[in-house]
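Numbering (this note's numbering), first residue to last: -9 to 114.
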Amino acid sequence: KTIEDIKKSLSDVNSQVSSYLEQEQQQEQEQEQEQEKEQEIEIEKVADLAYSTEDEQIKSWKFRSILEMTGDQFSAPFYPLNNFKLWKRDPLNFPAFLGASSNFYNINWSGERRIKNVGMLLDV
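Below you can see the structure in the form of structure tokens.
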């Protein structure tokens, strides 16, 4: 073989090696991306399991029941707001005359919960 033939063969080998390395690198990147997606899905699954959604159905109540409450006397589905606390947390120090509905947060729930972001203040 001539030097030119050897150079051409080396060039072809270099080209093949480069192509192989590029394919290998692309496969590794695709595998890493797939693993990242799988990890994100697992994290989302764990996060969803952390929040219990049992017994979250809305309990209706008559508007008149608000008028029947006096001072710090509450009747279901209401409770004193100073009893409100998240799971494994201390209650907040609200005035005794403020109340919350168990539709907002049921103090008998256990476990992590997402609090509904609805609030209402009524002055009668």
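For every residue, glycine included, the Cβ atom is placed at its ideal position computed from N, Cα and C.
{"Asked": "Any 3 or more C-beta pairs closer than 8 Å across the segment 82 to 96 and the segment 57 to 74", "Found": "yes"}
{"Asked": "Within 9 Å, strictly: CB atoms of N93 and I56", "Found": "no"}
{"Asked": "Range covered by the alpha helix (DSSP H) that runs through S65", "Found": "Unbroken run through S65: none, as it is neither H nor E."}
{"Asked": "Range covered by the beta strand (DSSP E) that runs through S91", "Found": "G89 to S91"}
{"Asked": "Distance, I(-7) Cα to L0 Cα", "Found": "10 Å"}
{"Asked": "DSSP bridge partner residues for P70 (one or two, in chain order)", "Found": "G89"}
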